[in-house]
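Going down the list, the sequences are from chains A and B.
With my numbering as the guide, the letters of the first sequence map in order to residues 1 to 460.
With my numbering as the guide, the letters of the second sequence map in order to residues 1 to 344.
Using N, Cα and C, we set each Cβ at its ideal position, and we do this for glycine too.
Every value quoted in this text rests on a predicted model; they were computed, and no experiment measured them.
Down below is the structure, laid out as structure tokens.
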Amino acid sequence: MDVEILSRIQFALTISFHYIYPPLSIGLGLVMVIFEGLFLKTGNSDYERLARFWTKIFALTFGIGVATGIVMEFEFGTNWATYSRYVGDIFGSALAAEGIFAFALESGFLGILLFGWNRVKPLVHFIATLGVWLGSMFSAVWIVVANSWQQTPAGYHIVGEGIEARAEITDFWAMVFNPSSMDRLSHVWIGSFLAGTFLIMSVHAYYLLKNRHIDVSRKAFRIALVVATIAALSQLFTGHRSADGVAVNQPAKLAAMEGHFDSLAAADMYIFGWVDKENQTVTGLKIPKGLSFLIHQDFNEPVIGLNHFPEKDRPGQVNAVFQFYHIMVAIGMTLIGLTLFGMYLWWRGKLFDHRWYLQVMVVAVLLPQIANQAGWFAAEMGRQPWVVYGLLRTSDALSKVVTANQVMFSLILFTVVYSLLFTLFIYLLNKKIKHGPEDGEMIDQRPKQKEMVEAINEHS
Amino acid sequence: MATFLGIDYATLWFLVVGGVFSGYAILDGFDLGAGAWHLFFKDEKSRRVALNAIGPVWDGNEVWLVIGGGALFAGFPIVYATLLSAMYIPFMLFLVLIIFRAISIEFRSKEPMKWWRSMWDTSYSVSSILLAILLGVVLGNVLQGMALDSDMEFSGSWLEFINPYALMVAVCTLALFMMHGAIYLIMKTEGKQFDKMNRHVKEAIIFFIVSFAITTVFTLIYFPHLSDRFKANPTLFIVPLMAFLSIANIPRLIHKQKYNFAFFFSSLSIAMMLIVVAIELYPVIIFSKGNPANHMTIYNACASEKTLGIMLIIAAIGTPLVISYTTFVFWTFRGKVKMDELSY
């Protein structure tokens, strides 16, 4: 295998593995902020118990997210040196902004979030939790901005020619608010909320089925269900906006997503299907001319097809892009169904009466994870053969001095280490879940305000 | 190029990148140093205390590496691209070790079994030691220069990075971090563990001073490009002199049992030594071993003026924020390690 394919496999492996964790941190962080906020407001210790329990799981996802994220930051330089030279001006500044504005905030306050329960006042702890969550949200901002610039470059000009050519910023805000960044950011945020809330619902549904931690689990499940329902419904909206943007900015990607080849015809929308790239046909269940309606609100308006582009400018893996996209959409619809059904049961006062619903929700934790991964695979494979859409080809972006053997070595290394890491993660997650939130009375270990003042006075 | 207070943007960004990496060396330096000492503690309780000494802060310290990587990428993309792709294997090992250190800290306390804990203790300590060594290898190679062609691409073989000078700098870095980490552990521990570190810190100081002296002599003899600015401009000698005085102050303060001050001077020494390096390199970042026209400098390897300007604004807004919550966290966990049910 050559350096290009090995480097792409390595990037896909490291980014997919990394992407299990940050969305969980963002989603869990949001609900932890709600738990702690409710504890501050009501003084009900159930909420503090929940916040403390989920903090422990958060620590696990956050820790692995950081460790695997550092790999991503340096991998651009190690494997994609030509890319790094070409886009450093733009991409590098987004990464640096992420480090300063987001990562420092989340990691700084993490110490207090994890170890500060008995050291600082509840309000200060709440602020730390909020800081960590906001930091993780800001992280997503800069990372999605950087990636969206690759999809829809804006606010730049090209300087130099040949090997010297590179993109330089002309307008920072145009770069940040490039045509796809805000649609994709909202899509990523909401995907993260779904990942987090479905984990929370899964774990608490499990406790309810096992007759454990009943009161706290009912509270947690309801809160997560409300957030998940809003998120699942909004995702329909952000997804539609993203698709509209892709139609305008990356027509080849949209065409690949629906397996649409003919440029002059109205385009169908498939519920599911299989693309035969050789014969340019799709077999499956379709809404005739559905894509034309979705994009143009007119069933007969033609949509640009893959044949509009020279062979060398089309995504190579049309069927893969099609499948990943359709998996994502199908799961999105399923999540709407699951959450709305839960709301219906709640309205009828039967939310916790049906064991089968809780059993489904235990397993459903996997759905947002699969959808998040599939969505990114559709977005990134649909952008091919470009690493920066229309500007730089993936095959031209590699490190010139790195050999296939070196990449093979690191790829094997990461495969082994990440397999180990994933096994340990599942093992420890399972253990924490089995252990569950602390039952019984919470003992307030915080030093009392008066004693603290006395202690300080004694010392001075 | 545009200037601010009479200093051009590329130079300012050189100072920012240098400042961030100095911050990383000072902060993660004591984490790595503490990790290197970890297996010297034999009983469970001292190992837990040592781990919890860095517990609430190590993750925040690692952020400086992330910011440094981003700052280098944004400000000097060509250096970032050339250095990382040339040193592919060392950096891949570095990344894997960063993962191992993180998960060792996280996973160790999650199971009570003896084999489990000693496995993670070993992996924590070994990865800390190897990370310090790899950082030294990178620094040693940046100092002596690399084979660079006219496109500022690396034109040698990666095996060249394993050379006596790089290994010397690596040992020196390990010794420095072990001294720094030992002082940190003294500040954080009590009783027998405190006494033990008090003995070990003296060994660490001797280890550091000896390896530093040998490296310095070797540098002066074999790498004249790393001292010619001082020779040409003797008033600059005040900087290495201050570094020397700062280092010499450490054993004195430890003897007087002023550990917080000793830690301050240990941090200052790291900063001063890196300032000496910066003075010698500037305006070059990586020397070309062949043709001097191929030196990678802050001017031919930097981002556009516009980007540097934007990044300086970002740094100006971000730095006070980062420093304020870093200070808040260190202040919250100040003093000796106090363990509770939340500790590692």
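Show which residues of chain B have a CB atom less than 7 Å away from the CB atom of residue i.
i	result
Arg85/A	Pro77, Ile78 and Ala81
Val417/A	Val96 and Ile99
Glu98/A	Gly70
Trp54/A	Those within 7 Å of Trp54/A in chain B number zero; the least Cβ separation is about 14 Å.
Phe101/A	Gly318
Thr394/A	Going along chain B, no residue has its Cβ under 7 Å from Thr394/A, so there is no contact; the nearest lies around 16 Å.
Phe422/A	Those do not exist, as Phe422/A stays about 11 Å from chain B at its closest Cβ, beyond 7 Å.
Ile163/A	Asp151
Ile112/A	Val329 and Thr332
At 9 Å on the CB atoms, spell out the chain B contacts of residue i, in chain order.
i	result
Lys400/A	Ser85, Asp151, Glu153 and Phe154
Ala104/A	Gly60, Val63, Trp64, Val66, Ile67, Gly318, Leu321, Val322, Tyr325 and Thr326
Glu36/A	The contacting residues do not exist; Glu36/A stays about 15 Å from chain B at best.
Arg49/A	Those within 9 Å of Arg49/A in chain B number zero; the least Cβ separation is about 14 Å.
Gln406/A	Tyr88, Ile89, Met92 and Trp158
Ser107/A	Asp59, Gly60, Asn61, Glu62, Val63 and Val66
Would you list the residues sitting across from residue i in a DSSP beta bridge?
i	result
Pro164/B	DSSP output for Pro164/B lists no bridge partner at all.
Thr42/A	Thr42/A is not bridged to any residue.
Ile70/A	Bridge partners of Ile70/A: none, in fact.
Val388/A	Leu392/A
Val282/A	Val275/A
Ala266/A	Pro302/A
Ile169/A	Tyr156/A
Ile7/B	Phe4/B
Ile287/A	Met269/A
Thr297/B	Val284/B
What do you reckon, are the CB atoms on residue i and residue j nearer than 8 Å?
i	j	result
Ser93/A	Ala74/B	yes
Val169/B	Thr215/B	yes
Tyr9/B	Gly335/B	no
Ser107/A	Ile26/A	no
Ile205/B	Met179/B	yes
Thr14/A	Glu75/A	yes
Ile295/A	Val303/A	yes
Ser180/A	Gly239/A	no
Pro332/A	Leu236/A	Here residue 332/A is Gly; the residue named in the question, Pro, does not match the sequence. Yes. Within cutoff.
Thr189/B	Leu139/B	no
Lys253/A	Tyr270/A	no
Val388/A	Val87/A	yes
Tyr83/A	Leu392/A	yes
Gly415/A	Thr339/A	Per the sequence presented here, residue 415/A reads as Thr, with Gly not at that position. Not a contact, by the Cβ cut-off of 8 Å.
Met146/B	Ile7/B	no
Leu72/B	Val17/B	yes
Thr61/A	Leu30/A	no
Along chain A, which residues have their Cβ under 7 Å away from the Cβ of residue i?
i	result
Pro370/B	Since the first residue shown for chain B is 1 and the last is 344, residue 370/B is missing from the structure and cannot be characterised.
Thr273/B	In the sequence under discussion, the amino acid at residue 273/B is Met, which differs from the Thr named in the question. In chain order: nothing, as chain A lies at least about 24 Å away.
What in chain A is Cβ-close to residue i, meaning under 8 Å?
i	result
Leu185/B	What Leu185/B touches in chain A: nothing, since even the nearest Cβ is about 18 Å away.
Pro283/B	Residues of chain A passing the Cβ test: none, with the nearest at roughly 19 Å.
Phe287/B	Under the 8 Å cutoff, chain A gives no residues; its nearest Cβ is about 18 Å from Phe287/B.
Met296/B	What Met296/B touches in chain A: nothing, since even the nearest Cβ is about 12 Å away.
Ile221/B	Chain A residues near Ile221/B: none, gap ~30 Å exceeds 8 Å.
Ser304/B	Asp89, Val159, Glu168 and Ile169
Going along chain B, which residues have a C-beta under 8 Å from residue i?
i	result
Ile278/A	The sequence given here places Glu at residue 278/A; Ile does not occur at that position. Residues of chain B passing the Cβ test: none, with the nearest at roughly 37 Å.
What does residue i reach in chain A if we use C-beta pairs closer than 9 Å?
i	result
Thr307/B	Gly88, Asp89, Ile90, Gly92, Ser93, Glu168, Ile169 and Phe172
Asp28/B	Correct list: empty, because the minimum Cβ distance to chain A is about 12 Å.
Phe14/B	Neighbours of Phe14/B on chain A: none; closest Cβ ~14 Å, over 9 Å.
Ile254/B	Ordered by position in chain A, no residue passes the 9 Å Cβ test against Ile254/B, which lies about 23 Å from the chain.
Report task. Indicate whether the contact test is met: 3 or more Cβ pairs, each with one atom in the stretch 101-114 of chain B and one in the stretch 66-83 of chain B, closer than 8 Å. Result -> Verdict: no, contact absent.
Query raised in the report: Is the stretch 363-371 of chain A touching the stretch 184-198 of chain A in the sense that three or more CB pairs, one from each, lie closer than 8 Å?
Result: Put simply, the stretch 184-198 of chain A touches the stretch 363-371 of chain A. At least three CB pairs are less than 8 Å apart.
Requested in this report: Give, in chain order, every residue of the stretch 123-145 of chain A whose Cβ lies closer than 7 Å to some Cβ of chain B.
Outcome: Cβ contacts with chain B: none found.
Query raised in the report: For the stretch 300-330 of chain A, which residues have a beta carbon sitting closer than 9 Å to at least one beta carbon of chain B?
Result: Residues: none.
**Report entry** Short-range partners of chain A found in the stretch 98-130 of chain B, where Cβ spacing is below 7 Å
**Finding:** Answer in chain order: Ile98, Ile99, Ala102, Ile103, Glu106, Phe107 and Lys110.
Requested in this report: Using a Cβ-Cβ cut-off of less than 9 Å, give me the residues of the stretch 193-210 of chain A that come near chain B, in sequence order.
Outcome: Here the close residues number zero.
Query raised in the report: Is the stretch 55-73 of chain A touching the stretch 158-178 of chain A in the sense that three or more CB pairs, one from each, lie closer than 8 Å?
Result: The way I'd put it, the stretch 158-178 of chain A doesn't touch the stretch 55-73 of chain A; fewer than three beta-carbon pairs between them come closer than 8 Å.
**Report entry** Contact set between the stretch 60-83 of chain A and chain B, restricted to residues whose Cβ is under 9 Å from the partner
**Finding:** For the stretch 60-83 of chain A, the residues whose beta carbon sits under 9 Å from a beta carbon of chain B are, in order, Leu60, Phe62, Gly63, Ile64, Val66, Ala67, Thr68, Gly69, Ile70, Val71, Glu73, Phe74, Glu75, Phe76, Gly77, Thr78, Asn79, Trp80, Ala81, Thr82 and Tyr83.
Report task. Mind checking the stretch 42-59 of chain B against chain A and listing, in chain order, the residues whose C-beta falls within less than 7 Å of any C-beta there? Result -> Of all residues in the stretch 42-59 of chain B, the ones placed with a Cβ closer than 7 Å to any Cβ belonging to chain A are Gly55, Pro56, Val57 and Asp59, in chain order.
Requested in this report: Take every Cβ of the stretch 243-262 of chain A, pair it with every Cβ of the stretch 300-320 of chain A, and state whether three or more of those distances are shorter than 8 Å.
Outcome: Verdict: yes, contact present.
Query raised in the report: So does the stretch 259-276 of chain B actually touch the stretch 240-248 of chain B, counting three or more Cβ pairs closer than 8 Å?
Result: Contact between the stretch 259-276 of chain B and the stretch 240-248 of chain B is present, because at least three Cβ pairs lie under 8 Å.
Requested in this report: Quick one: which residues of the stretch 223-252 of chain B get their C-beta closer than 7 Å to a C-beta of chain A? List them in chain order.
Outcome: The residues in question: there are none.
**Report entry** Chain-ordered residues of the stretch 339-351 of chain A with a beta carbon less than 8 Å from chain B
**Finding:** Those would be none; no residue qualifies.
Query - Sufficient close CB pairs (3 or more, under 8 Å) joining the stretch 20-36 of chain B to the stretch 50-64 of chain B - result: These segments touch.
Query raised in the report: At a cut of 8 Å, does the stretch 373-391 of chain A reach the stretch 320-335 of chain A through at least three beta carbon pairs?
Result: Contact holds between the stretch 373-391 of chain A and the stretch 320-335 of chain A, because three or more Cβ pairs, one in each stretch, are under 8 Å apart.
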